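Reading through the structure tokens given below for one structure.
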Amino acid sequence: MSYNNILSEVSHGINTITINRPNKLNALNKATIKELHTAFNDAENDADVKVIIVTGSGEKAFVAGADISEFSDFSVNEGKKLAAKGQKILFDYIENLSKPVIAAINGFALGGGLELAMACHFRIASDNAKMGLPEVSLGLIPGYGGTQRLPNLVGKGRAMEMILTAGMIDANQALTFGLVNYVTTLESLMPLCEKLADKILRNSSVAMKAAIKAVNANDVDGVNGFEVEIDEFGKCFGTKDFVEGTTAFLQKRKADFPGE
Ligand code: COA
């Protein structure tokens, strides 16, 4: 599949998806969001892909937000549609993907860029990264899940401060807030993400899919996450991966999971 706004490369189980509009600081226009959906959908359906890393091209930005030039003349209805569609085809889609997704934040992650990183399962930042939700400075609010995911990740008070000041925090502040798991140099960012991805590759893909579903159930209104966990835990006992994982442990060898 060839793309105009992103790059997607699969190598030994890792699918690296790079947003590739460096001249626009990788801002998310409609076409890029569509291509990202296709790339994540392909990753979901490609048996060779076990883990996904998403990053931005260049040394300055992960993603500097939704493309402001595309919505500056929108009406109320168009605004609603923009948020609803984006949330459905990209942000919620990534969060609920059955395969682990790591955000490699290599620079500015603002607005939709931070929302994209927050939709990923966890985040690593380079030390030049700057994060924020500056929408209120444009007369907007975050529309791609930022008002929901940021408080979940950093707590309500910190989220309110970030959203209401429209300010940016640096990578170390993001680490203190628990918004990112590690901070490293720009050169070491992809190697660190790949090292973590390699660790993930050793595990049962069926069990990881169940784990993602159970953890995500924590945030869903009207869903009892403990019940989802019990259900998913039970289902694991019916999988070939469970048989292989426990047998390998008892035989003191490395598991070779069939992924079924
Ligand atoms: N949408 C559209 N274009 C964007 C963009 C966005 N969110 N962010 C950056 N760009 C474009 C700029 O318009 C500029 O394009 P041009 O060279 O054709 O004029 C190019 O990317 C480089 O950006 P520039 O502003 O010149 O870089 P900078 O280093 O001076 O500033 C930022 C970097 C990130 C501080 C600044 O680009 C910025 O504030 N961007 C918008 C962030 C934002 O509000 N995001 C939330 C959107 S809802």
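According to the working numbering, the sequence shown is numbered sequentially starting from 24.
For each residue, glycine too, the CB sits at the ideal point set by N, CA and C.
Remember, predicted model here, so these are calculated numbers, not experimental data.
Give every residue of the same chain whose Cβ lies closer than 7 Å to the Cβ of Leu-48, excluding the five residues on either side of it in the sequence, and list them in chain order.
Lys-83, Ala-84, Ala-87, Phe-131
Within this structure, are the beta carbons of Ala-127 and Cys-216 separated by less than 7 Å?
yes
With DSSP as the reference, label Met-24 as helix, strand or coil.
Residue state, collapsed to three classes: coil.
Between Ala-132 and chain C, is there a C-beta pair that is closer than 7 Å?
Looking at the structure shown, chain C is missing, and only one protein chain is on hand.
What separation, rounded to the nearest whole angstrom, lies between the Cα atoms of Ile-186 and Gly-109?
20 Å
What is the residue span of the alpha helix (DSSP H) that Ala-197 lies within?
That run of the alpha helix (DSSP H) goes 194-200.
Check each candidate in Lys-258, Asp-150, Pro-123 and name the one with the smallest Cα separation from Lys-73.
Pro-123
For Gly-162, which option in Glu-252, Ile-117, Gly-134, Phe-265 has the closest C-alpha, if you only look at C-alpha atoms?
Gly-134
Looking only at DSSP bridge pairs, what is Val-74 linked to?
Per the DSSP secondary-structure output, Val-74 pairs in a beta bridge with Ile-37.
Please classify Thr-270 as buried or exposed, where buried requires at least 16 neighbouring CB atoms within 10 angstroms.
Classification of Thr-270: exposed, given that the 10 Å Cβ count is below 16.
Using 8 Å as the threshold, is the region 203-211 in touch with the region 143-152, meaning 3 or more CB pairs across them?
yes
Can you tell me which of the three DSSP states Val-203 falls into?
Secondary structure at Val-203: coil, using DSSP grouped into helix, strand and coil.
For Ile-147, write down the residues that DSSP places opposite it in a beta bridge.
Ala-127, Tyr-205
Can you tell me whether Leu-113 is buried or exposed, with buried defined as 16 or more other CB within 10 angstroms of its CB?
buried
Per DSSP, which one or two residues make a beta bridge with Met-191?
Gly-155
Where does Gly-268 fall in DSSP's three states?
helix
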